[in-house]
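Undergrad: Structure incoming, see below.
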Amino acid sequence: MISKKMESLTASSSLIRAMFEEGKKLASIYGAENVYDFSLGNPSVEAPEAVKEAAIKVLTETKPMALHGYPNNSGFEDVRLYLANLSNKRHGTNYNERNYVLTTGAAAALNIIFKTLLNAGDEVVVFTPYFSEYDNYIENYGGTVVRVAPNTETFQPNMEDFASKLTAKTKAVIINTPNNPTGVIYSAETLTKMADILNSKQAETGNPIYLISDEPYRELVYGDTKIPFVPDFYKNTFVAYSYSKSLSLPGERIGYVCVNTAADDFELITDALNIANRILGFVNAPTIWQRVLPYIGELSVDVSIYEKNRNKVYSMLRELGYECVEPEGAFYVFPKSLIPDDKEFCKAAKEFNILIVPGSSFGCPGHFRLSYCVSYDTIANSYEGFKKLKEKYSK
Ligand code: PLP
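Residues 801 to 1195 (the working numbering) are what the sequence shown spells out, left to right.
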């Protein structure tokens, strides 16, 4: 017998597994090139060659015990100091190794933050639509998810609803910009408003509210759009970062938590994050990949490939009459489904060998998510399918 909690989690993740199986089945019938699988967020642009070279260097040039032994649970001090200096140069911060905990990706970063912060019944505010794993991460530690209603015209945060959702029990707020599933980026103006709302609630209740900025897509930004640095806007900020998408290394599991120096209870928090990394069983981030980071600097994958895909997918969908907000970053677009029932719509898309994810999986029905981290040809060749899907609902 498995636990009651896992019974329900296992049953609810069967939808994603079913979609994966469906994709394999369609590919075996029609050929992989005739199936347009836009369902997964697995990077399609190769990691830069420099990443492989750095990994080889690390493996050949570091003394085995210095590389393979247990580091500090927060990660090698010199690597954390390296990251701090990068931030100091880029953002004018005053960080040192204390500000950083290296983690097995953003997923672990978020889990150790919630383990550190949450008492049972504490509330964590999320903006709909959102990466649905947040529910699991928050509930793992007894937290309660509080959802802000979407602003479906722009997918920018609905500030009125946000302000109304903050209570004396609010412990944290999580934002994700560039966003999965919408691709939108929160502007400096948006972050200023958000910080004002948070500061006045903190002053009213006397309890700190922590802002968690989940940033695995920070480097995937198109055109002239700039990503504001969230700790500049609000002192009680955590950044959860990952190299999964910026360097196309999701299987290697490397990322970090960065806590802003001015955050309330900074010392206690950084000590607790260190312990949380250990006791949740992550122990420490993989040491080879920790040691790779100083060789990589601010390198990222060739973002122009995703930008070309973004341009193609957005113009194709608009030309065919799909309504969507133009994504400015990440590799997702979140159009309106052509019927209110988004699950039914995604089922119908399969008739044309198109695999997309219903918006209800992100807490926002009536939409669908399309991941364009696929080949350019997959997008171009899906045109007829999307056209037929549109025609099906235009009759
Ligand atoms: N947060 C968001 C919004 C994501 O989309 C993902 C992965 O797709 C993660 C966190 C987890 O990333 P990682 O692979 O670094 O754990």
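Quick reminder that beta carbons are idealized off the backbone N, C-alpha and C, glycines included.
Please read all numbers here as calculations on a predicted model, not as lab measurements.
Out of 983, 1077, 898 and 849, which has the shortest C-alpha to C-alpha gap to residue 1111?
TA: Among 983, 1077, 898 and 849, the Cα nearest to that of residue 1111 is on 983.
Undergrad: With hydrogens ignored, establish whether the beta-carbon of residue 907 is closer than 6 Å to any heavy atom of the ligand PLP.
TA: yes
Undergrad: Over what stretch of residues does the alpha helix (DSSP H) that includes residue 1078 continue unbroken?
TA: 1066–1079
Undergrad: Please list, in chain order, all residues of the same chain as residue 1147 whose beta carbon is under 8 Å from its beta carbon, the five residues on each side excluded.
TA: none
Undergrad: Would you mind reading off the limits of the alpha helix (DSSP H) that contains residue 1013?
TA: From DSSP, residue 1013 is part of no alpha helix (DSSP H) but of the beta strand (DSSP E) over 1010–1014.
Undergrad: Have a look at residue 907 and residue 1159 and give me their C-alpha separation to the nearest angstrom.
TA: 21 Å
Undergrad: Quick check: the Cα distance between residue 1162 and residue 1169, rounded to an integer number of angstroms?
TA: Residue 1162 and residue 1169 have their C-alpha atoms roughly 9 Å apart.
Undergrad: From residue 917 to residue 1134, what distance separates their C-alpha atoms?
TA: Between residue 917 and residue 1134, the C-alpha separation is close to 31 Å.
Undergrad: Looking at residue 1157 and residue 839, is the spacing between their C-beta atoms short of 7 Å?
TA: yes
Undergrad: What are the boundary residues of the beta strand (DSSP E) that residue 903 is part of?
TA: Looking at the DSSP string, the run of the beta strand (DSSP E) that includes residue 903 is 900–903.
Undergrad: Shorter than 6 Å, the distance from the beta carbon of residue 1097 to the closest heavy atom of the ligand PLP, or not?
TA: no
Undergrad: So what does residue 1158 bridge to, in DSSP terms?
TA: 1168
Undergrad: Can you name the start and end residues of the beta strand (DSSP E) that residue 960 belongs to?
TA: Counting along the chain, residue 960 falls outside any beta strand (DSSP E), though it belongs to the alpha helix (DSSP H) covering 959–965.
Undergrad: Counting along the chain, where does the alpha helix (DSSP H) carrying residue 1038 start and finish?
TA: It is not in any alpha helix (DSSP H) - residue 1038 instead sits in the beta strand (DSSP E) that spans 1037–1042.
Undergrad: Taking DSSP's pairing of strands, which residues face residue 1279 in a bridge?
TA: In this structure the chain extends from 801 to 1195, so residue 1279 is not present and cannot be described.
Undergrad: Could you give the residue range of the alpha helix (DSSP H) that holds residue 997?
TA: 988–1005
Undergrad: Alpha carbon to alpha carbon, how far is residue 1016 from residue 868? Give it in angstroms, no decimals.
TA: 26 Å
Undergrad: May I ask which residues mark the beginning and end of the alpha helix (DSSP H) holding residue 1056?
TA: Element bounds for residue 1056: not the alpha helix (DSSP H) but the beta strand (DSSP E), 1055–1059.
Undergrad: With a CB to CB cut of under 7 Å and the five nearest residues on each side skipped, what residues in its chain are close to residue 995?
TA: 1033 and 1034
Undergrad: From the DSSP output, in three-state form, read off residue 1129 for me.
TA: strand
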